[in-house]
Each structure stands twice: as structure tokens, then as C-alpha cells.
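Asker: Got a structure for you, questions after.
Number of protein chains: 2
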Amino acid sequence: MDNTPLSFAPPRGMRDFYPEDMLFREHLFETWKMSAWRFGFLPYDACVVESLDLLRRKAGEEISEQIYAFADKSGRELALRAEMTPTLARMIAARQGSLRFPLKWYAIAQCFRYERMTRGRKREHYQWNLDIVGAQSVLAETEVIAAAASAMKELGLGPGDYRIRFNNRALLSELLKKLGIQPQHHAATFLALDKRGKIPDCEIEELLRREGLPSEAVSSALELMAITTLEEIENRLGGETPALRRIRDFQQAAEACGILDLLIFDLSVVRGLSYYTGIVFEAFDTERKFRAIFGGGRYDNLLGDIGARPMTAVGLGFGDVVIAELLREKESGPCRLQPAVTAVGYMSEQQAQLAIRIASALRRRGRNVDMRLSPEKPRNFFSYAGGGNTAEAVFIGPDEAASGILRFKDLSNGQERQMAISELLEGHPGSAGHTTGQS
Amino acid sequence: MDNTPLSFAPPRGMRDFYPEDMLFREHLFETWKMSAWRFGFLPYDACVVESLDLLRRKAGEEISEQIYAFADKSGRELALRAEMTPTLARMIAARQGSLRFPLKWYAIAQCFRYERMTRGRKREHYQWNLDIVGAQSVLAETEVIAAAASAMKELGLGPGDYRIRFNNRALLSELLKKLGIQPQHHAATFLALDKRGKIPDCEIEELLRREGLPSEAVSSALELMAITTLEEIENRLGGETPALRRIRDFQQAAEACGILDLLIFDLSVVRGLSYYTGIVFEAFDTERKFRAIFGGGRYDNLLGDIGARPMTAVGLGFGDVVIAELLREKESGPCRLQPAVTAVGYMSEQQAQLAIRIASALRRRGRNVDMRLSPEKPRNFFSYAGGGNTAEAVFIGPDEAASGILRFKDLSNGQERQMAISELLEGHPGSAGHTTGQS
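Listed in order, the protein sequences are those of chains V and P.
For the first sequence, the numbering used here assigns the number 1497 to the initial residue and increments by one for each residue that follows.
For the second sequence, the numbering used here assigns the number 1497 to the initial residue and increments by one for each residue that follows.
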């Protein structure tokens, strides 16, 4: 057996959640769940371990280089999922005949990417996924975005804090076609254009040339990114097109949802994943200090691509890392889910049995009780209780045992209320008195 | 690119959770969380990916053969955790100087074991972990067990449904010592004895002989397992010993907690993990049809073993698979967490904007709304709403738009209540009317 000292750090890029972090995470997850229900989404989940085949074939190229892959003991090729969408598509394909469509599902899924560790990027995160499958209407887009905006609002973030930049890949396709770029090059062009700002433009041009685009199309494609208004695009396209009409329908539905003030049209929003086909969007903090808070779009071909009956789909992913950074920036700091707890302490072994009975009776009445596990002086007990998440404290010493009266101290204001032990213990099994036998 | 058809099944031994399964899982997790809070436990978590080193060195031998291990792209040896306890010990070791002890923490952790796939065993499950670190008192044992019993009660399971069999490894040590078996052989003897019922006794004897036990000690060790009462053990040991006193303290604390009627002393309960040092326990359904529902025990050496300052500890693990099987057996079947949802439908595109505004207004008022995403006939809408988890339905057709009156249909009893659209939409941004412009 190896005897070199063990490291107590988590593996590189992975996170430990101590209670203070976990209380924030639970608050965030609760907010996500509540907003999902608010918008009529049902929960689903799958194992974080997927077949490598599914991930390799259907994820974008960039992701497949970043997959944590391994073989199990019988040689099966497995991987830790990098995103939830391929798994969702697989699960829907498996029961396509019996599920009711359109379906609205959500998941809070841990996802893994092997990335170079720069600027505090992690190799795992949790992502809230909202998907609507089987709906053609642009209402699917506004529903997922409005649900995310509702969660943002619950977290205390509004139009002053972030904006959602959107585009329509179909619009970009219409523009590329106008430039003479054939549809079979569009997917690769999108992926190359998505790298703008991350790699120099000359490298993007090189990528596009390697894809086989004519030189003049390459520079025109990059010039497109300078267009900022729908009016200018309409001029270039010579009138309203299906993709432009789609964007206007989207804006109209967004207005009815009350989320129009969050939206900004931005032709440069492309999204890195190859499977998007229509409207795509990304939410950023207004100062653009952080990476995207959430993002998503329409992917009408994925089900067909994996061999299922083709179905339209819209999805949104909202990670737990950027939102936590953003909330930490806000003066208030991240909220925490923290139910009220009553601490119960006792002076000596003589009061131990009584203290346990009191703690048990309080719990049966629905109170959260932090029972102390050894005798202690009142001063030590109240110092412990005051230093944590305790709302109320009750201490049992010889006086309480003799008088039969408990004093509950409210730690927020120091006020005490009294309660008879007999009243608390009355009529419950195992609580007949504070001696072991019958009273 | 490979073009063989993809399988839509999850990887072997891994589970998909469709909404009906997920609603049960959420109900179970909520019950676990609520019971953890009720007993004063704080949440923690860590990534399912651990360093292989930690798992290999500190888990029992049986587990280390079953670990899903792999290397990341820089050659780091990683693994999917098989249990949470080594991770807990690592996290505590990392902050031992700043944490307050005794600490009471819980986690709901996915764990992986590569097992041969027999009798519906899975390769992953979720496990509720309760741990108390830094408490010597037997109250630590009763607290974790009472918390689990509280969760069982919330799930509708009481003393008629299950019993908790307990033992004290220290007691078994005293007996083995009495047989002349040296302490250095005890851990291996425990692991061998734990296999009783799983492999033939002759194979256990062989294991013990290989460990170096004298032949007469081997058969005596197996004979011990026939002892059923504490009195008989006391006779064998020639009076009360520390391990027997510990058991009696445990029973007394259990009585005060109201869980004594769930407990059965059973000398054959040993638990497979090598790190247990004191009281160990396992809960089984009364008919013993299933594997253990939950189990755990005291492990006072683990922190010292991984190189941290030694600290006493007690833990309990409660998996999601056996409890689901058990609840499925009960006539009632497993409960599901299912908030009330209002379905909103509309007749034609003319009412789409109004329907969105109504759905948005209901959501702002805290209602969970399943907004339909395309126009449909009332008959189709109410047939959809009646077939799912919908509590209430409201349909917007030309009549409603003209009269300004909505009818909310309670799907549990068919009753309708009316509400003016203007009242619902009043005073909210983006809800000034059902046309796009100003009213």
C-alpha cells in the first residue's frame, strides 16, 4: 500500500461544496425548479455517464475534444456528458411513440468539460436545462426565455443587470446565401464566426478558407458582423424574408410576455453548437464582465440526426458558475436557503435523557432541532448557538429539570418564551417522563 | 463519421428518469432534506469525480475492485466515487482547523459501482448520507438513526414495515479476543463474516484460514454468529465490558428518541466496509425481501487513517433504489411531488397575444402555468389538460376576448369560477391590453 500523503484538495477543476456554498446552491436550484414549474416544465434526468457514441456523433466538434471519456471493465466506451441536449434527444427518441408533444421538460444536470484551467474556469458545472420539443411556434422560444428571466428576477436581477442578445441562424443563412456561400458551408461558417473575439479575425478567415469558401465570400462573411439593425438587413435582403418574419413574431410574443425590454438583436450571436437551426440567444451582464449567464436556441434537426422521427425543438441552458459570480458582485451577495433551527443543549449527563426527549418532541412538532451531543456549560452552549444558523435556543440544566419549565430564547432579539416540559412531552410515545421507566 | 444506428437506451446499469420517475425522486429527496434539517444537519456536496488515490487507499477491498476509474487528458488518475465517506473525510481534513465540531452534515450523492448485473442491481444510485464528526457520545448514533427513521415515517413506513439490526464491532472484537484471535486479524475477520449468507460458510472458513487464523479459532468465529442475546454474550465475556456498556447506552438513548422499538440486536451484522470501529446497523424490511434500506455505523479511525487529526465519526447511508422497491410493494405506491398547474389554451392566432398576456399575469401572481403553444379546438385543449397533471384549465376563444371574462375550470370537480381579464392584467408592465399598441 502506498504511503505518500494524500492530497485533501478535490481533483483539478472540480468543486467541493461546503455548507455555506451548498446553501447558496440549494437556493439557486430551488429558484430554478420553482421557475420551471411556474412555466409548466416537468423534471427529467439521466445519468451523468453517457455512451461515448452519442456524445461524439451529435455534439459540436469543439465539445468532442473536451469530453471525459473512459472504458468500463467490459470495454464499453463511456463518457461524462458535456451537455444535456444529446441525452434529452436520446430519451425522447426512446419513447417517441408514447410521449405527449409538445413536451416541456427541465433538468438540473452536472456537465463536464476538460478545459485548460484559465480565469477560474471549472471542469464541471451544473446547468439548468429547459427544453420544448414538438412546438413550431416562436412561443417555444419566448417560453424558455421568459422562464429564465423569471428565475433571474427571483434572484434579484432585472433589466438593469443583464440583456439577452439574440439572432436567427436562418437569417444568417439567408445573408450567406446572398453572398454566394452554399448552404453546405453554413454550419462551418457559423462555428467559425462564433469564435469572433476569442481568436483573431485572420484565423477565422483561415478557417473559412479551409472550409472551401471563396476569398471574397470570406471577407464579406466577416463584414456581415458589423450590421447592427434589422432594417439594414432587410435592405440587403431586398425585403422581408421568412427569417426576418420569424424574428418579428418572436419580438411580438416577447412583448406580450413582458420580456421585450431584455432583448437586443445582435447578428454576431451564433452559438458554438452545430445543432442550432433558428433563433439563438445569449444573456450577458450589462457590463459584459462575465461569460454568458444563459443561452440557447432552436434545434429542429437533432432528433432526425440521431435517427429518430424529426421534431422541432428549443432549448436553454443556464449554468451555476457565472450566475454565482454575478450575484457575488452585487452588493447584497448571493442569498442562501436556510430554514430556522432550534438548538437544544444540556448541562450534565443527568439531563441527557430529558434533553433527547425534548428534542424529539420538538421535531415531532415540525421544528428543526440541532441537538447538542455532549453536556456543556450554558455559556458555551449559547456561544455555539449564537455563532451559527440557529434561530432559537433552549438549554436544559438541573433548574429546568426541577421546575419543569423551559425557556426558549429567540436569538434574533434575545426574547424568551416559556413552555412547560409536560405540555411539550404530553401524549407521545417514548416521552412519558425524563426517567427511563414509567412515571 | 460512423453511421450505424445509435442505441437510445442509457448505458448498461445506468438509469434514465422520465418525469414520472423524477417526480418520485424529487419527493424522496425532499423528504431526505426535510428530515436532515429536522435533525440539524447542514448540506454539503462534492464532485462525483474523485482522485483514484483517495478511493483506492481508504475504501474496503471489495469496493476498490468495483471502482469506475479513468485517466484525464493530462494523465491524472480519477474515478467515479463508490461512496461518499472518503470524500467527506477529505473535505473535513482540508478544513479541520476552521470547522466547528461536532459537525452534522448531509449529502445526497450519486455513487457508482461496477457490479455484475443480477437481480436488477444498478451500477449507480443516489445515497442520502448523514454524518456526525467529532462526537464521542452514543447520541451521534441515535441522531443519525432517528433522522433516517423520521424520513421513513414521512414516506409512510413504520415499525410494521422495517427493523434496524445493530451490533457493535468492538463487542465482536472482545469475543474474538476471547477466542484467542489477535486484534490485527479482526478487520479481515469482520469482512469475512460479513459475507455470511452471500457465499458458503466453507469459503468463509477458507478466507479466515488464509488470513492466518488457527483452525479452532476459525470454527469458533463462525459459531459466534449463532449467539442471539446480549445476556449470553455477557456470560461468555464474564461480565459487563466497555462494548456491552456502549450498547446499553445506545439502547437507552434510542428509548429517549422513541426509536427503540425499531432496533434488534444482531451479532451477525458486521457491514462490509473496513473502516467501521463501533456500533454498526442495517435496516431491512420486516419480510427480508429486499437488500438493506439503510445502514451505517461508527468509524473513529478514518480521519486519522487518511493523515488528518484523528476524530470520531458516525455515518449513515440510505439509497434510493431499495426504498423505491419497498414503496412500490406497498399498496399505496410511491408518492410524487407534483405542484398544481394551470393550463392556458387558445382558439386561434387572434387570441395568441391575449393568451400569452394572461399566462404571464397568472405566473406573476405565483401560479404555475402550462401555456399551450399553438391554437386548438376547446375539445382538444380540455382533453389535453385532463390527461396530465393539470389542476385547472382556462381557454381563450373569441367569446372570452369579446366579453373580457375568463372561466377557470377546476379539473378535480368540474367547477368553474369567473374572473375579468382586466382585473387579471391590471397594473402590470406589458399587460396594458390585448393589442400590441396602447389601449
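We treat Cβ as the ideally placed atom computed from N, Cα and C, and that holds for glycine.
Suppose contacts are defined by Cβ-Cβ distances below 8 Å. Is V/Gln-1623 in contact with V/Ala-1804 by that definition?
Answerer: no
Asker: I'd like the span of the alpha helix (DSSP H) that includes V/Ser-1879, first residue to last.
Answerer: Unbroken alpha helix (DSSP H) run through V/Ser-1879: 1874-1882.
Asker: Anything in chain P within Cβ reach of V/Phe-1513, meaning under 7 Å, just list it in chain order.
Answerer: Tyr-1540, Asp-1541 and Ala-1542
Asker: Report the partner residues of P/His-1621 according to the DSSP bridge assignment.
Answerer: P/Cys-1607
Asker: How would you list, in chain order, the residues of chain P whose beta-carbon sits under 8 Å from the beta-carbon of V/Val-1817?
Answerer: Going along chain P, no residue has its Cβ under 8 Å from V/Val-1817, so there is no contact; the nearest lies around 13 Å.
Asker: Name the DSSP beta bridge partners of V/Leu-1576, please?
Answerer: V/Val-1545 and V/Tyr-1564
Asker: If the cut is a Cβ gap below 8 Å, which residues of chain P does V/Tyr-1795 touch?
Answerer: Residues of chain P passing the Cβ test: none, with the nearest at roughly 16 Å.
Asker: Leaving aside the five residues before and after V/Gly-1926 along the sequence, list all residues of the same chain whose C-beta is less than 6 Å from its C-beta, in chain order.
Answerer: For V/Gly-1926, the predicted model reports a pLDDT of 43, less than 50, meaning its position is unreliable; a value from the coordinates is still stated below. No residues qualify anywhere along the chain.
Asker: Which value, in whole angstroms, describes the spacing of the CA atoms of P/Ala-1590 and P/Asp-1627?
Answerer: 17 Å
Asker: Who does V/Lys-1600 pair with in a DSSP beta bridge?
Answerer: DSSP, once it has assigned bridges, lists V/Ile-1628 as partnering V/Lys-1600.
Asker: Tell me whether P/Gly-1571 is buried or exposed, calling it buried when 16 or more other Cβ atoms sit within 10 Å of its Cβ.
Answerer: exposed
Asker: Helix, strand or coil for P/Gln-1748 per DSSP?
Answerer: helix
Asker: Quick check: the segment 1891-1898 of chain V against the segment 1831-1850 of chain V, are there 3 or more CB pairs under 8 Å?
Answerer: yes
Asker: Buried or exposed for V/Arg-1586, please, with buried defined as at least 16 other CB atoms from any protein chain shown within 10 angstroms of its CB.
Answerer: buried
Asker: For chain V, find out if any of its Cβ atoms is closer than 8 Å to the Cβ of P/Phe-1520; answer yes or no.
Answerer: no
Asker: With a Cβ-Cβ cutoff of 8 Å, do V/Phe-1746 and V/Ala-1642 count as a contact?
Answerer: Result no, Cβ atoms of V/Phe-1746 and V/Ala-1642 do not sit closer than 8 Å.
Asker: Let me know the alpha helix (DSSP H) ranges lying completely inside the segment 1692-1742 of chain V, each 4 residues or longer, listed in chain order.
Answerer: 1697-1706, 1711-1720 and 1726-1733
Asker: Helix, strand or coil: how does DSSP classify V/Ala-1644 here?
Answerer: helix
Asker: What are the residues in the segment 1850-1880 of chain P lying within 7 Å of chain V by C-beta distance?
Answerer: Ile-1852, Arg-1853, Ser-1856, Arg-1859, Asn-1864, Val-1865, Asp-1866, Met-1867, Leu-1869 and Ser-1870
Asker: Under 8 Å between beta-carbons, which chain P residues line up against V/Ser-1908? List them in chain order, please.
Answerer: Those within 8 Å of V/Ser-1908 in chain P number zero; the least Cβ separation is about 18 Å.
Asker: Under the three-state reduction of DSSP, which class applies to P/Val-1817: helix, strand or coil?
Answerer: helix
Asker: Short of 8 Å in beta carbon distance, which residues of its chain neighbour P/Arg-1659, apart from the five on each side in sequence? Order them along the chain.
Answerer: Leu-1758, Leu-1759, Ile-1760, Ala-1779, Phe-1780 and Thr-1782
Asker: Anything in chain C within Cβ reach of V/Pro-1501, meaning under 7 Å, just list it in chain order.
Answerer: Reference to chain C is not applicable here, since the protein chains of this structure are V and P.
Asker: Around the C-beta of V/Gly-1791, are 16 or more other C-beta atoms found within 10 angstroms, so that it is buried, or is it exposed?
Answerer: buried
Asker: Among P/Leu-1907, P/Arg-1552, P/Asn-1909 and P/Gln-1914, which has the Cα closest to the Cα of P/Ile-1901?
Answerer: Checked all of P/Leu-1907, P/Arg-1552, P/Asn-1909 and P/Gln-1914; the closest Cα to P/Ile-1901 is P/Gln-1914.
Asker: In the segment 1841-1913 of chain P, which residue ranges form an unbroken beta strand (DSSP E) of at least 3 residues, counting only runs that do not cross its ends?
Answerer: 1865-1867, 1886-1892 and 1901-1906
Asker: Which residues in chain P sit within 8 Å of V/Ser-1646, going by Cβ to Cβ distance?
Answerer: Taking the beta carbon of V/Ser-1646 as reference, the chain P residues within 8 Å of it are Arg-1859, listed in sequence order.
Asker: When DSSP builds the beta bridges, which residues end up paired with P/Asp-1781?
Answerer: P/Tyr-1658
Asker: Name the chain V residues that come within less than 9 Å of P/Tyr-1936, Cβ to Cβ?
Answerer: Since the first and last residues shown for chain P are 1497 and 1935, residue 1936 of chain P lies out of range.
Asker: Please report how far the alpha carbon of P/Arg-1577 lies from the alpha carbon of P/Arg-1824, in whole angstroms.
Answerer: Near 28 Å, if we compare the C-alpha coordinates of P/Arg-1824 and P/Arg-1577.
Asker: Within 10 angstroms of the Cβ of V/Ala-1809, are there 16 or more other Cβ atoms? Answer buried if so, exposed if not.
Answerer: buried
Asker: Around the C-beta of V/Lys-1905, are 16 or more other C-beta atoms found within 10 angstroms, so that it is buried, or is it exposed?
Answerer: V/Lys-1905 should be labelled buried.
Asker: At a Cβ threshold of 8 Å, is V/Glu-1639 touching chain P?
Answerer: For V/Glu-1639, a Cβ of chain P is located within less than 8 Å of the residue's own Cβ.
Asker: Check the DSSP bridge columns for V/Met-1518 and list the partner residues they point to.
Answerer: DSSP, once it has assigned bridges, lists no residue as partnering V/Met-1518.
Asker: How many angstroms separate the CA atom of V/Ser-1646 from the CA atom of V/Gly-1815?
Answerer: 15 Å
Asker: Is P/Arg-1511 helix, strand or coil by DSSP?
Answerer: coil
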